[in-house]
Amino acid sequence: MPDFRLRDEFSAFHEIPHSDLLSVWASIVESYSGLKLTRPGQDRLVALSGVADEFGRTLELREEEELVGGHGQGSVGGGSVYLAGLWLPLILGLLLWEKAGEEPHERLPAIPSYSWASVYTRVQWSSRINPCNGNVDGDCKVVNVLYAQSREGVASIDDPSFANGPPDYRPPKDGARKASANRFPVLCLRTKLQPVILGNRFQTQDDRDLAARLTEQIKSGPGRGSYNPNRRKVASYLDREHVAGWASLEHPEFQSDDQPSRVIFALQISKNFAKSAPGLGHRMGVHAVFYVLFVRRVEGGPIDSYERIGVGALFGKDFEKQFQTAVTREIRLL
C-alpha cells in the first residue's frame with residue numbers, strides 16, 4: 003500500500019467553506035485514483051480510509067451545526083455516511099465521475115458499479131458536471147440504501163422488493179468508513195429512465211467540441227471536458243440518425259467501436275440549461291441538458307436492479323419530451 007500523503011494536506015477539513023467541501027473531496031479522489039496499488043482489489047478503498055475518517059468528522063460537525071442537514075443531494079439524509087468512496091449527503095453530484103485515461107483497466111469485484119473505486123484507473127469530474135454546481139434535479143432522489151451481502155463480487159439481496167420500513171442508510175458503527183469484504187451498499191433511487199442508442203467514438207476534435215458546447219462542457223486541461231477521447235456519440239431511440247449527446251463508458255464490455263449499436267438506458271441525475279445552437283429549434287435561445295448515468299439491467303439480479311456502465315449528457319427536443327413524459331420509478335443501482 004502506498005504512503006498516501008494527501009492525509010496531511012487535507013487534515014484541516016473543518017477550515018474549508020461548506021461550498022468547497024465536495025470539490026475538495028473530488029480533487030482528493032482524482033489525485034488518489036491514479037495511484038498504483040499492490041492489491042487494488044483490497045486496497046482501493048482501504049488506503050483512503052484515513053482521509054475519509056477526517057472528512058467524515060467534518061461533515062458530522064457541519065450537520066450538527068445545521069449547515070449540512072437538509073442540503074444534501076441524497077434525500078434520505080445520512081450525515082457523514084460513506085458509501086464506497088462517495089458521501090451520501092452529496093451522492094448525486096459525486097455519481098457523475100468519468101474515466102480519465104485511455105489505458106486499459108479492470109473492474110474490481112465487491113465494489114458497487116456506481117463508485118469510482120470499481121474501476122482501477124484514474125477518474126475525474128468534468129468542470130461543468132461538477133458535484134458542487136448545485137444543478138441537481140428533483141426528479142432523482144435517493145430513497146434508501148440497502149446493505150446487501152457480497153458473494154464473489156455480486157450483491158445478493160434476499161428480499162427482492164423495496165423495504166417498506168425506515169431507511170436503512172446507517173452503516174455499522176464499527177469501521178463505517180472502511181471497505182468491507184461482505185457489505186455491499188445498494189442505492190435505491192427514485193428517478194426516470196430512457197432508452198438511448200450508443201454509437202462509436204467521435205472521430206474528430208471538432209465533433210467532440212461541438213457536443214461539449216451543446217452540453218456546456220468547459221475545457222479545463224488535457225483529458226477533461228471535450229478533450230476526453232473516450233466520449234462516444236449518443237442518439238435518441240426515436241431518432242437514431244442525429245447525435246443528441248455524448249457518453250463516456252468505463253465498463254470493460256463497452257470499450258470497442260467494433261461492437262454493434264445497442265440499446266442502453268440513461269438514468270437522469272440532474273438537469274440544466276445551455277445556450278442553444280441553430281437547427282435545434284429552440285425559440286428562447288436555450289435548451290435543456292440532462293446529465294445522466296448510463297446503465298443496463300443486471301442479469302439474474304434483484305428486480306429492477308441496474309449496474310452503471312458510464313456517464314454523459316443528453317440534449318435535444320426528443321430527450322426533453324421523453325424525460326418530461328417519463329414515469330418516475332424506483333430502481334436499485336448495484
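For the sequence shown, our numbering assigns the number 3 to the initial residue and increments by one for each residue that follows.
By construction, the Cβ of each residue, glycine as well, lies at the ideal position given by its N, Cα and C atoms.
Nonlocal neighbours in the same chain, by C-beta distance under 8 Å from residue 205, ignoring five residues either side
none
Evaluate residue 176 with the Cβ neighbour count: other Cβ atoms within 10 Å of its Cβ, from every protein chain shown; 16 or more gives buried, anything less gives exposed.
Legend: pLDDT at residue 176 = 41, less than 50; position of this residue unreliable, no value from coordinates given.
Considering only residues of the same chain and omitting the five flanking positions on each side of residue 324, which have a CB-CB separation below 6 Å?
196
From the DSSP output, which residues share a beta bridge with residue 190?
146 and 334
Cα-Cα separation, residue 337 to residue 321:
Coverage of the chain is limited to positions 3 through 336, which leaves residue 337 absent and any answer about it impossible.
According to DSSP, residues forming a beta bridge with residue 248:
235 and 315
Residue ranges of each alpha helix (DSSP H) within the region 21 to 61, 4 or longer
23 to 35 and 42 to 48
Identity of the residue in 104, 330, 203 and 200 nearest residue 36 by Cα:
104
So, residue 336 versus residue 120, is the Cβ gap smaller than 8 Å?
Going by C-beta atoms, residue 336 is not nearer than 8 Å to residue 120.
Are residue 212 and residue 312 closer than 8 Å when you measure CB to CB?
Going by C-beta atoms, residue 212 is not nearer than 8 Å to residue 312.
Cβ distance (whole Å) where residue 300 is taken to contact residue 308 below 8 Å
6 Å
Considering only the beta carbon of each residue, do residue 125 and residue 99 sit closer than 8 Å?
yes
Given a cut-off of 8 Å, decide if residue 109 and residue 254 are closer than it, judged by their beta-carbon atoms.
yes
Identify whether residue 201 lies in helix, strand or coil by the three-state DSSP scheme.
strand
Per DSSP, what are the beta-bridge partners of residue 230 in this structure?
Residue pairing by DSSP places residue 230 opposite no residue, since no beta bridge is assigned to it.
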